[in-house]
Amino acid sequence: MIFSKQILLWYAENKRNLPWRNTTNPYNIWLSEIMLQQTRVAQGTPYYLKFVKNFPTIQDLASASEEEVLKLWQGLGYYSRARNLHATAKIVSDTYNGVFPNTYKELLKLKGVGDYTASAIASISFNLPEPVVDGNVYRVLSRFFGIALPINSTEGVKHFKDLARKVMDSDDIRDYNQGIMEFGAIQCTPKSPNCSVCPLKNNCVSYKDNRIGELPVKLKKIKVKIRYFNYLVIVNNNNETYLQKRIGKGIWQNLYEFPLVEAENEIDENIILSKLSQFIDIDESVDLVKHNSDKVVHKLSHQHLYTTFWIVSSEGEILNGIPVEDLGKYPVPVLIADFIKTFNF
25 MIFSKQILLW
35 YAENKRNLPW
45 RNTTNPYNIW
55 LSEIMLQQTR
65 VAQGTPYYLK
75 FVKNFPTIQD
85 LASASEEEVL
95 KLWQGLGYYS
105 RARNLHATAK
115 IVSDTYNGVF
125 PNTYKELLKL
135 KGVGDYTASA
145 IASISFNLPE
155 PVVDGNVYRV
165 LSRFFGIALP
175 INSTEGVKHF
185 KDLARKVMDS
195 DDIRDYNQGI
205 MEFGAIQCTP
215 KSPNCSVCPL
225 KNNCVSYKDN
235 RIGELPVKLK
245 KIKVKIRYFN
255 YLVIVNNNNE
265 TYLQKRIGKG
275 IWQNLYEFPL
285 VEAENEIDEN
295 IILSKLSQFI
305 DIDESVDLVK
315 HNSDKVVHKL
325 SHQHLYTTFW
335 IVSSEGEILN
345 GIPVEDLGKY
355 PVPVLIADFI
365 KTFNF
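Counting from 25, one number per residue, gives the positions in the sequence shown under our numbering.
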C-alpha cells in the first residue's frame, strides 16, 4: 500500500539515532518501550542508558534489589512501571531461563506488558507481523484517514488496531512500526505539524478537510483530585532525620518520604504537633516551623498535591532515624528529591 511505503521512505531519511535502534535484543527493546510509555524520548534516553550500564543483562536486573531499581528510576514517574520491570526481569530470568518469549501471546503474559509493548517487541526483536498502536500511531491514522472515533473508547481501540494491521507493511515490519511511531513523533506532531512538507498530505483526509486540529478525538479526562500533603521534616541535634516507606497501592508505592499528614483541607500547627509523638519524644524541646508559606503544587496525571513542608527541630531521639547525609541513598518521589536538594539540613 502507498501509505506504508511512504512511511518507510520517510523513516529511511528522517529516523533519529537512538541507542536502542542499534540492536534487536529483546531485553533492550523491552527496556526502552517500558521507559517511553508516557515519557518523551529526550527524558527517557538518559534513564535507558543508566539502566543498560548498571544492568547489562536481564539477569543483572533480576538480581538487583527493588530499592536499587527504584533509585535508578527516580524522576521518571509512573513508578509502577519500574516495579513491573523488576518483576518481569525475575520472571524471564527464572521461568524462561533468561530468554525472552518470542511470540506476541507469550509476551502478553509478562507483567506490565500490554498489547502495544508486546507488538513492539514481537515486531522489532523477532520480525513478527504485529502492528503497534501507541499515541503517535493513533494520531497519524486518525488524521490520515479522517477518523473521529475516540481513541480511548472500546470501539476506537479495536477499530484503530484493525486498521493498523490492514495498512502495515508485513514484509518490513521492523522498520515500518518504528517508522510510523517516529512519523507521529516528529512529523505529524500533536500541535502545529508542518503539513506543507508532509509526504502524506495529498492523501490525508484531515489535511484536505482542514481538520488537523480536531483529530484525534479523545474522551474527556478523569476529574483531577486535589490532595493536601503535610510533610514533617524532622531533624535532631545528631543531624538525623526520618524517612518512611509508602505502602499500599496508591502513588509512589515503595518509595520513601518524610512522615506525611494528609488532610482534606489546610491544617494548622496544632494538628501537626498532635502527630509528632508517633516519631519523636515530644517531652523534649521541639521547634516547629512552616517551611513554605505558599504551597508546593505537584501535578500528577489525575491528582494535584498541595504540599507544605514543616520543619521539626528536636533535641530528642528519632525512632529509626537516619543520618541526613544518607538521604541520597533512598529512592524518593521527585517532590521529596527537589526539597532535599534545596533545603539546608
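In this text, a Cβ means the ideal position worked out from N, Cα and C, and glycines have one as well.
As the structure is a prediction and not an experimental result, all values here were calculated from the model.
If you check the beta carbons only, do T48 and S149 fall under 8 Å apart?
Taking the first residue of the sequence shown as 1, we reach residue 48 at position 24. Taking the first residue of the sequence shown as 1, we reach residue 149 at position 125. Yes, these two residues count as a Cβ contact at 8 Å.
Determine whether the beta carbon atoms of A146 and T119 lie at a separation below 8 Å.
Here the question's residue 146 lines up with position 122 in the sequence shown. Here the question's residue 119 lines up with position 95 in the sequence shown. Their beta carbons are not under 8 Å apart, which means A146 does not touch T119 by this criterion.
What residue from K215, E206, V320 and Y354 has the CA that sits closest to R270's CA?
Position 246 of the sequence shown, counted from the first residue, corresponds to residue 270. The candidate whose alpha carbon is nearest that of R270 is Y354.
CB-CB under 8 Å to H328, same chain, minus the five flanking residues each way: which ones, in chain order?
Within the sequence shown, numbered from 1, the residue matching residue 328 stands at position 304. Contacts found: V248, K249, I250, R251, V321 and H322.
Pairs of beta-carbons, one from the segment 222 to 236 and one from the segment 330 to 342, closer than 8 Å: are there three or more?
Flag = no, the segment 222 to 236 and the segment 330 to 342 do not touch.
From the DSSP output, in three-state form, read off E264 for me.
Sequence index remark: in the sequence shown, residue 264 carries index 240 (1-based). Reduced to three states, the DSSP call for E264 is strand.
Please state whether the Cβ-Cβ distance between V313 and I346 is less than 8 Å.
On the sequence shown, residue 313 is found 289 positions in, with the first residue counted as 1. On the sequence shown, residue 346 is found 322 positions in, with the first residue counted as 1. No, the pair does not count as a contact, with Cβ atoms beyond the cut-off.
Tell me the residue span of the alpha helix (DSSP H) that contains V65.
For the purposes of this step, residue 65 is taken as residue 41 along the sequence shown, with counting starting at 1. Segment V65 to N78, the alpha helix (DSSP H) holding V65.
Taking the alpha carbon of G136 as the reference point, which residue from G159, V161 and A106 has its own alpha carbon closest?
Indexing the sequence shown from 1 puts residue 136 at position 112. Of G159, V161 and A106, the residue nearest in Cα terms is A106.
Can you list, in chain order, the residues of its chain with a C-beta nearer than 6 Å to that of V285? Leave out the 5 residues immediately preceding and following it.
The residue given as residue 285 occupies position 261 in the sequence shown. Once the five neighbours on either side are set aside, the close Cβ partners of V285 are N254 and K299.
If we ignore side chains and look at the alpha-carbon of each, how far apart do Y51 and I82 end up?
If you number the sequence shown from 1, residue 51 lands on position 27. If you number the sequence shown from 1, residue 82 lands on position 58. Roughly 6 Å between the two C-alpha positions.
Starting from the C-beta of N201, find all residues in its chain whose C-beta is less than 6 Å away, skip the five residues before and the five after it, and write them out in chain order.
Walking along the sequence shown from the start, residue 201 turns up at place 177. S147 and V156, listed in sequence order.
Between I58, L32, E339 and L33, which lies nearest to W44 when the distance is taken from Cα to Cα?
Locating residue 44 in the sequence shown gives position 20, counting from the first residue. Closest option to W44, Cα to Cα, is I58.
List the endpoints of the continuous beta strand (DSSP E) containing K247.
As a first step, residue 247 is located in the sequence shown; it is residue number 223 there, counting from the start. That residue, K247, is in no beta strand (DSSP E); it is neither H nor E in DSSP.
Helix, strand or coil: which one does DSSP assign to W34?
Counting from 1 along the sequence shown, the entry for residue 34 is found at position 10. Three-state result, W34: helix.
Going residue by residue through the segment 145 to 222, where are the continuous alpha helix (DSSP H) segments of at least 4 residues, counting only ones entirely within it?
Fully enclosed alpha helix (DSSP H) runs of 4 or longer: 159 to 169, 178 to 191 and 197 to 210.
Enumerate in chain order the residues of its own chain whose CB-to-CB distance from L100 is below 8 Å, with the five nearest sequence positions on each side excluded.
The residue labelled residue 100 in the question sits at position 76 within the sequence shown. Excluding positions up to five away in sequence, the list reads M59, T63, Q67, G68, Y71 and A106.
Please give the ranges of any alpha helix (DSSP H) in the segment 313 to 360, keeping only runs that are unbroken, at least 4 residues long and fully inside the region.
As far as the segment 313 to 360 is concerned, it has no whole alpha helix (DSSP H) run of at least 4 residues.
Where D84 and S117 are concerned, what is the direct C-alpha to C-alpha distance, given to the nearest angstrom?
To locate residue 84, count along the sequence shown from 1; it is residue 60. To locate residue 117, count along the sequence shown from 1; it is residue 93. Each residue's Cα considered, the two are about 9 Å apart.
Give the range of the alpha helix (DSSP H) segment to which L293 is assigned.
Residue mapping note: residue 293 aligns to position 269 of the sequence shown, counting from 1. One point to set straight first is that residue 293 is Glu, not Leu, in the sequence displayed. That run of the alpha helix (DSSP H) goes E293 to K299.
Can you check whether the CB of V161 is closer than 8 Å to the CB of F27?
Walking along the sequence shown from the start, residue 27 turns up at place 3. Walking along the sequence shown from the start, residue 161 turns up at place 137. Not closer than 8 Å, so no.
Between the C-alpha atoms of K244 and K365, what's the straight-line distance to the nearest angstrom?
Position 220 of the sequence shown, counted from the first residue, corresponds to residue 244. Position 341 of the sequence shown, counted from the first residue, corresponds to residue 365. Approximately 37 Å, taken between the alpha carbons.
Determine the closest residue to D139 out of R167, F124 and K182, with distance taken between C-alpha atoms.
The residue given as residue 139 occupies position 115 in the sequence shown. The option with the nearest alpha carbon to D139 is K182.
Suppose the cutoff is 7 Å on Cβ atoms and the five residues either side in sequence are ignored; what does the same chain contact list for L279 look like?
On the sequence shown, position 255 is the one that residue 279 refers to. Answer for L279: L94, Y103, R270, P355, V356 and P357, listed in chain order.
Start and end of the beta strand (DSSP E) containing L284?
Here residue 284 refers to the residue found at position 260 when the sequence shown is read from its first residue. Its beta strand (DSSP E) spans residues L284 to A287.
Per DSSP, what kind of secondary structure is Y231 in: helix, strand or coil?
Reading the sequence shown from its first residue, position 207 is the one you call residue 231. Note: Y231 maps to helix in three-state DSSP.
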